[in-house]
Every structure is written in structure tokens, then in C-alpha cells.
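Q:
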Amino acid sequence: MGGVDKADQLLSFYRNELKTKKWYKRIIFHLLDLAVVNSWLLYCAVKDSEIQLAEFKLQVAFGLMKSEKSHEAPLHDRTLTENWLSNRASDVPTSVRYDGVNHLPVKVPQKSAPRCKLPQCSRRTRLQCRKCKVYLCVEEDRPANCFERFHTE
């Protein structure tokens, strides 16, 4: 059982004292500390280096801060992002928006109604333009409904 005692000893030298009521955060940071200590042990074994654990943790932190972030979304997130962007009013090309062909409001069955995408309106609607894929409200009692204003102005 010497390995467990040594791991606990190394973890106790520079423990990350995270005070939180969420138990899973404590476990995540404990596992992160354990991974850094294990990688330090492997680094020392391979490089025959006498680098201190605190210095190694600092080098890991600086290395993570310097690493370049990927600008490309993963494949599974890309379709969600494209669907979200297609529902924004500013992303509809003007040639499609004002052509006056096949712009019909279609009721979309959803549990929660999204907001109307016209900037001046804050109402919620379940109506979507079939061609533009933008949520717009259509109300006859208002002087100019958002659906009509979006496709004409």
C-alpha cells in the first residue's frame, strides 16, 4: 500500500483548497490534482529531472493558458449552431427576405414559444416563416404585424 500513501502525501503538499457545497466540484478538482501529480511522477521518471511539484503545476497552467483555442466547432455542435443561427433575422439574405415568394407563416409545435425575431418586438410566438425559418408574430389587432414588417421593410 505504499503507492497510495505516497499519492496521498504528494497530493497533500499543494492541495487545491476549493470550498464549495457542490460535491462533484470537489471530486473533479481532486481528480485533476491527482492527474497532475501522476503526470509529474511520469515526467520525473522519463526526464530524470528534479523539478518541484509546484513548479511543474505552474508550467502546466501556463502551458494550458498559452495553448491555441480551436476555432472550429465539433461536428455534433456545428449543426446545432447552424440551426440556431438560421433562426436569427439578421442572417436571412435580403434577396430571399424581400422576394415575396412562398413566405407563409407555419405553426411549429413546441412546448415553449421562442421570441419574435424582429428587434422592436418582445412577444413570444409559435409561427415561423416557411422560407426564412425565422419566428415572427402575426397579430391582426396590431397596426402592422411583425411578419408583414419583416418581409416588406
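Per numbering that gives the first Met the number 0, residue 0 is the first one in the sequence shown, and the count goes up by one each step. Ideal placement from N, C-alpha and C gives every residue a C-beta, glycine not left out. These numbers come from a predicted model, not from an experiment.
Quick check on the DSSP output: the beta strand (DSSP E) that includes Val105 runs from which residue to which?
A: In the sequence shown, residue 105 corresponds to position 106, counting from 1. Segment 104 to 106, the beta strand (DSSP E) holding Val105.
Q: Taking Asn37 as the reference, which of Phe28, Leu10, Ile26 has the closest Cα?
A: Within the sequence shown, the letter at position 38 stands for residue 37. Comparing Cα-Cα distances from Asn37 to each of Phe28, Leu10, Ile26, the minimum goes to Leu10.
Q: Could you tell me the alpha carbon to alpha carbon distance between Glu49 and Tyr13, rounded to whole angstroms?
A: For the purposes of this step, residue 49 is identified with residue 50 of the sequence shown, where counting begins at 1. For the purposes of this step, residue 13 is identified with residue 14 of the sequence shown, where counting begins at 1. Taking the straight line joining both Cα atoms gives about 17 Å.
Q: With 9 Å set as the bound, which would you pick, yes or no: does the beta-carbon of Thr124 sit closer than that to a beta-carbon of chain C?
A: No chain C is part of this structure, which consists of one protein chain only.
Q: Output the distance between the C-alpha atoms of Tyr23 and Asp7, rounded to the nearest integer angstrom.
A: Reading the sequence shown from its first residue, position 24 is the one you call residue 23. Reading the sequence shown from its first residue, position 8 is the one you call residue 7. So the two alpha carbons sit approximately 19 Å from each other.
Q: Excluding the 5 residues flanking Ser85 on each side, which residues of the same chain have their C-beta closer than 6 Å to its C-beta?
A: Taking the first residue of the sequence shown as 1, we reach residue 85 at position 86. Unreliable placement is indicated for Ser85, whose pLDDT of 47 sits below 50; the coordinate value is still reported in the next sentence. Same-chain partners within the cutoff: Lys132.
Q: Taking the continuous beta strand (DSSP E) assigned at Gln127, which residues delimit it?
A: Along the sequence shown, one-based indexing puts residue 127 at 128. Segment 126 to 128, the beta strand (DSSP E) holding Gln127.
Q: Could you give the DSSP three-state label for Arg14: helix, strand or coil?
A: On the sequence shown, position 15 is the one that residue 14 refers to. Arg14: coil per DSSP, three-state reduction.
Q: Look up Tyr97 in the DSSP assignment and say whether it is helix, strand or coil.
A: Taking the first residue of the sequence shown as 1, we reach residue 97 at position 98. Reduced to three states, the DSSP call for Tyr97 is coil.
Q: Under 9 Å, do Pro113 and Thr124 count as touching if we go by C-beta distance?
A: Translated into positions along the sequence shown, residue 113 becomes position 114. Translated into positions along the sequence shown, residue 124 becomes position 125. Yes; because the gap between Cβ atoms is below 9 Å, this pair is in contact.
Q: With Tyr134 and Cys115 assumed to form a contact (beta carbons below 8 Å), what rounded beta-carbon distance in angstroms separates them?
A: Within the sequence shown, the letter at position 135 stands for residue 134. Within the sequence shown, the letter at position 116 stands for residue 115. 6 Å between Cβ atoms; contact.
Q: From the DSSP output, in three-state form, read off Arg122 for me.
A: To locate residue 122, count along the sequence shown from 1; it is residue 123. Three-state DSSP puts Arg122 in coil, outside helix and strand.
Q: Could you compute how far the alpha carbon of Leu117 sits from the alpha carbon of Leu31?
A: What you label residue 117 is simply residue 118 of the sequence shown in a count that begins at 1. What you label residue 31 is simply residue 32 of the sequence shown in a count that begins at 1. Between Leu117 and Leu31, the C-alpha separation is close to 46 Å.
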